[in-house]
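Colleague:
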Amino acid sequence: MEAGQFNIVSLFADASKRHPDRIAIIEKNHQITFAELAQEIDKTASYFQQKGISKGDRVLVFVPMGINLYRIVLALFKIGATAVFLDEWVSFKRLNLCCKIAECTAFIGIRKARILTFFSSEIRKIPIKLGVAYKDYGIPAKNISTNVNDTALITFTTGSSGTPKAAKRTHGFLKAQFSVLEKKIDPEISKVDMPVLPIVLMINLGKGITSVIADFKASKPESLKAEKVIAQIEKHQVASIASSPYFIFKLAQYAIEHNVPIQNIKRIFTGGAAVFPEEAKTYVQAFPNSTSKILYGSTEAEPISSVNALDLATRNIAKDKGLYVGSIDTAAKVLIIPIKEENIKIQNSDELRTNSLKDQKIGEIIVSGSHVLKEYVNNPEAMERQKIWVEDVCWHRTGDSGFKIGNELYLTGPCNAMIENESGYISPFLYEQILTSIDGVNAGTILSIKDKNYAVIEAQSKGDIEKVTPEIMAIEGIDEVYLVKKIPRDPRHFSKIEYKKLKNMLASKLNL
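So for the sequence shown, my numbering puts the first residue at 162; every next one is plus one.
(1) Between which two residues does the beta strand (DSSP E) containing GLU463 stretch?
(2) If you reduce the DSSP assignment to three classes, tell me which class CYS259 lands in.
(3) Give the C-beta separation of SER588 and GLY574 to the nearest angstrom, bearing in mind that I take them to be a contact with Cβ-Cβ under 8 Å.
(4) Cβ atoms of ALA447 and ILE417: under 7 Å apart, would you say?
(5) In the DSSP assignment, find the unbroken beta strand (DSSP E) run with PRO575 in it and report its ends.
(6) My assumption, with CB atoms under 8 Å, is that ILE674 sits in contact with ARG558. Please give the rounded CB distance.
(7) Report yes if the C-beta distance between GLY530 and ALA493 is below 7 Å; otherwise report no.
(8) Secondary structure at LEU644, three-state DSSP: helix, strand or coil?
(9) When you compare only the Cα positions, how much space is there between GLY217 and VAL445?
(10) Determine the burial state of THR491: buried for a count of at least 16 other Cβ atoms within 10 Å of its Cβ, exposed for fewer.
(11) Does LYS178 come out as helix, strand or coil in the three-state DSSP assignment?
(12) What are the boundary residues of the beta strand (DSSP E) that includes LYS548?
(13) My output table needs one value for TYR196: the three-state DSSP class, helix, strand or coil.
(14) Assign THR243 to one of three DSSP states: helix, strand, or coil.
(15) Any chance you could list the alpha helix (DSSP H) runs of at least 4 consecutive residues sitting entirely within the segment 570–623, in chain order?
(16) To which residues of the same chain is SER680 closer than 8 Å at the C-beta, ignoring the five residues directly before and after it?
(17) Alpha carbon to alpha carbon, how far is GLU343 from SER609? Give it in angstroms, no decimals.
(18) Taking buried to mean at least 16 other C-beta atoms within 10 Å of its own C-beta, is ARG232 buried or exposed?
(19) Taking DSSP as the reference, what is the three-state secondary structure of GLY367?
(20) Where does PRO356 sit, in a helix, a strand or coil, going by DSSP?
(21) Could I get the ranges of all uninterrupted beta strand (DSSP E) runs contained in the segment 203–247, with 3 residues as the minimum, in chain order?
(22) Could you pull the start and end residues of the alpha helix (DSSP H) that VAL445 belongs to?
(23) Taking a contact to mean a Cβ-Cβ separation below 7 Å, would you say ALA302 touches ASP203 in this structure?
(24) Inspect the beta-carbon positions of ILE429 and SER453 and report whether they are closer than 7 Å.
(25) Can you find the residues in the same chain that come closer than 7 Å, C-beta to C-beta, to SER322, ignoring five residues on each side of it along the sequence?
(26) For TYR537, name the three-state secondary structure that DSSP assigns.
(27) How is TYR295 classed by DSSP in three states: helix, strand or coil?
(28) State the Cα-Cα distance for the pair ASP472 and SER488, rounded to the nearest angstrom.
(29) At the level of alpha carbons, what is the spacing between LEU456 and TYR298?
(30) Just mark THR312 as buried or exposed, buried being the case when its beta carbon has 16 or more other beta carbons within 10 Å.
(31) Run through DSSP, which three-state label would THR318 get?
(32) Quick check: what's the CA-CA separation for VAL390 versus LEU412?
(33) Tell me which residues share the same chain as ASN539 and place their Cβ nearer than 6 Å to its Cβ, disregarding the 5 neighbours each side in the sequence.
(34) At what residues does the alpha helix (DSSP H) containing PHE334 begin and finish?
(35) Quick check on ARG179: buried or exposed, where buried means 16 or more other Cβ atoms within 10 Å of its Cβ?
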């Protein structure tokens, strides 16, 4: 690929020429057309250059999802700089750690974030610090070309325990990822989309599609007011949604409880956490005119497989002995290898085939493909742990366990949460589906500590635990029931159970 041939900015520029007067982004009471956004990106890019930001600089961006975020990020891409993303839910400790890993030379943040510069030793080291506003110097930005190997984005994995991994996304990687995701989400189905997943809004900008920012705080997912979001959907005639499962489920719950099916949504695209058959049924019921596509993947490999909600809703997870996550994507190659805690080195493809498990055998899911991330920033330990290089092909260890049947993929839970016994493995997923189907249980899972299996339950009320305990104890394989006020979930999607944190919490309470 020639220098400058692919850049998100070039895709956006083409879209803004085709649809200059079309609304690009709607954010609460503010909106901006493609032509207006293109002008602001040019002026912002010039401002950044005048402030000393140049090609290859890593710029920490601490700005909520909205018009300003995409103006800033596209301006950085335009001048060949690298945008370093931090989530809104980031803690002070994590902020310092991420700054140290990324080695940024500039910082752009909202006022609240800039206050942190007084308290963060790592941010204080960054020489250039800017707010979200810009000054129009009246000087055109210098055109900077990029190639496939230039870094466009650095994003961080959830990293709820241990060191967060900084994912290095080159322009070439973004092109491969966009190409695969574009086919999956089918953006042409809608001229107005509600993308809660930031990467999807970027695709929309390249395709000339209007994006409506959902009215809720991503840093506080539990504060989501479904009625406010549904009102936005109706007001702006939103036809598609791309979000985490938690977001979709909360809308679906509201629609079902109030008997107000959301009729005008034609397509739902969701990923980032497991969706069980019972939840898929709510999607089908609440969005009767929608095709809901559920993706399985990760920060490093998105997507790996996909399934329609209607298909998933008819599955029996206990009968399947795993959560069906659909057909493996044509862009991905997937193998199942034995579950091991240690780093894995494989010399050649023959050895890889020998180490791969047969259909229906549970092991760790590994994936390769052009859209699979090949590098972390300043983290050789993660490179050794997560990547297996075989004859110049990078295989990513997902950390998830599962099995294949032909081209169909099934999840059985994170490798570190699997319970090994004399007959193989016990999957927490199987228990989570059963436990959440019991009236009075909000969420539940199974943990093994010192050869005893605990059903850990988040009940709807304290009174419910006495009512549900006999039913839970009747489930095969459970030795004790333990109640917690809240089962810890990942802060990004508020859907995945943080098994390690939960296990430590339980062990501490039980003095084990």
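Glycine is no exception: its CB is placed at the ideal position from the N, C-alpha and C atoms.
Modeller: The relevant details are as follows:
(1) Counting from one through the sequence shown, the residue named residue 463 turns up at place 302. 462–469 is the extent of the beta strand (DSSP E) around GLU463.
(2) Here residue 259 refers to the residue found at position 98 when the sequence shown is read from its first residue. Correct three-state label for CYS259: helix.
(3) To locate residue 588, count along the sequence shown from 1; it is residue 427. To locate residue 574, count along the sequence shown from 1; it is residue 413. Rounded, the Cβ-Cβ distance is 5 Å, consistent with contact.
(4) One-based indexing of the sequence shown puts residue 417 at position 256. One-based indexing of the sequence shown puts residue 447 at position 286. Yes, these two residues count as a Cβ contact at 7 Å.
(5) Taking the first residue of the sequence shown as 1, we reach residue 575 at position 414. Counting along the chain, the beta strand (DSSP E) containing PRO575 begins and ends at 569–575.
(6) There is simply no residue 674 to check, as the chain begins at 162 and stops at 673 in what is shown.
(7) Translated into positions along the sequence shown, residue 530 becomes position 369. Translated into positions along the sequence shown, residue 493 becomes position 332. In this structure, ALA493 lies closer than 7 Å to GLY530 by Cβ.
(8) What you label residue 644 is simply residue 483 of the sequence shown in a count that begins at 1. It is a strand residue.
(9) Residue mapping note: residue 217 aligns to position 56 of the sequence shown, counting from 1. Residue mapping note: residue 445 aligns to position 284 of the sequence shown, counting from 1. C-alpha of GLY217 to C-alpha of VAL445: approximately 46 Å in a straight line.
(10) Along the sequence shown, read from residue 1 onward, the residue named residue 491 stands at position 330. By the 10 Å Cβ count, THR491 comes out exposed.
(11) Position 17 of the sequence shown, counted from the start, is the residue given in the question as residue 178. When secondary structure is reduced to three states using DSSP, LYS178 falls in the helix class.
(12) On the sequence shown, position 387 is the one that residue 548 refers to. Looking at the DSSP string, the run of the beta strand (DSSP E) that includes LYS548 is 548–551.
(13) Reading the sequence shown from its first residue, position 35 is the one you call residue 196. At residue 196 the sequence reads Ala, which differs from the Tyr that was named. Helix.
(14) Mapped onto the sequence shown, residue 243 falls at position 82. THR243 carries a strand assignment under DSSP once its states are collapsed to helix, strand and coil.
(15) Taking 4 residues as the shortest admissible run, the segment 570–623 contains the following complete alpha helix (DSSP H) segments, listed from N- to C-terminal end: 589–597.
(16) Residue 680 falls outside the range modelled here, since the chain spans only 162 to 673, and no answer is possible.
(17) What you label residue 609 is simply residue 448 of the sequence shown in a count that begins at 1. What you label residue 343 is simply residue 182 of the sequence shown in a count that begins at 1. So the two alpha carbons sit approximately 41 Å from each other.
(18) Taking the first residue of the sequence shown as position 1, residue 232 is located at position 71. The residue is buried, with at least 16 neighbouring Cβ atoms inside 10 Å.
(19) Translated into positions along the sequence shown, residue 367 becomes position 206. Note: GLY367 maps to helix in three-state DSSP.
(20) Locating residue 356 in the sequence shown gives position 195, counting from the first residue. The answer is strand: DSSP assigns PRO356 an E or B state.
(21) As far as the segment 203–247 is concerned, its whole beta strand (DSSP E) runs of at least 3 residues are 219–223 and 243–246.
(22) Taking the first residue of the sequence shown as 1, we reach residue 445 at position 284. VAL445 -> alpha helix (DSSP H) spans 438–447.
(23) Translated into positions along the sequence shown, residue 302 becomes position 141. Translated into positions along the sequence shown, residue 203 becomes position 42. Cβ atoms of ALA302 and ASP203: closer than 7 Å.
(24) Position 268 of the sequence shown, counting from 1, holds the residue named residue 429. Position 292 of the sequence shown, counting from 1, holds the residue named residue 453. Their beta carbons are under 7 Å apart, which means ILE429 touches SER453 by this criterion.
(25) The residue given as residue 322 occupies position 161 in the sequence shown. Only weak support exists for where SER322 lies, its pLDDT of 47 falling under 50; the value from the coordinates is given anyway. Non-local beta-carbon contacts of SER322 in its own chain, meaning distances under 7 Å to residues more than five positions away in sequence, involve LYS661 and LYS662 in chain order.
(26) Looking up residue 537 in the sequence shown gives position 376. Three-state DSSP puts TYR537 in a strand.
(27) Taking the first residue of the sequence shown as 1, we reach residue 295 at position 134. TYR295: coil per DSSP, three-state reduction.
(28) As a working note, residue 472 is residue 311 in the sequence shown. As a working note, residue 488 is residue 327 in the sequence shown. Approximately 11 Å, taken between the alpha carbons.
(29) Position 295 of the sequence shown holds residue 456. Position 137 of the sequence shown holds residue 298. For LEU456 and TYR298, the distance between alpha carbons rounds to 44 Å.
(30) Your numbering for residue 312 matches position 151 in the sequence shown. Buried: at least 16 other Cβ atoms inside 10 Å.
(31) Position 157 of the sequence shown, counting from 1, holds the residue named residue 318. Three-state result, THR318: coil.
(32) Your numbering for residue 390 matches position 229 in the sequence shown. Your numbering for residue 412 matches position 251 in the sequence shown. Approximately 8 Å between the Cα atoms of the pair.
(33) For the purposes of this step, residue 539 is taken as the residue at position 378 of the sequence shown. ILE262.
(34) Looking up residue 334 in the sequence shown gives position 173. Where PHE334 is concerned, the enclosing alpha helix (DSSP H) stretches over 332–346.
(35) By 1-based counting over the sequence shown, the position of residue 179 is 18. Around the C-beta of ARG179, fewer than 16 other C-beta atoms lie within 10 Å, and the residue is accordingly described as exposed.
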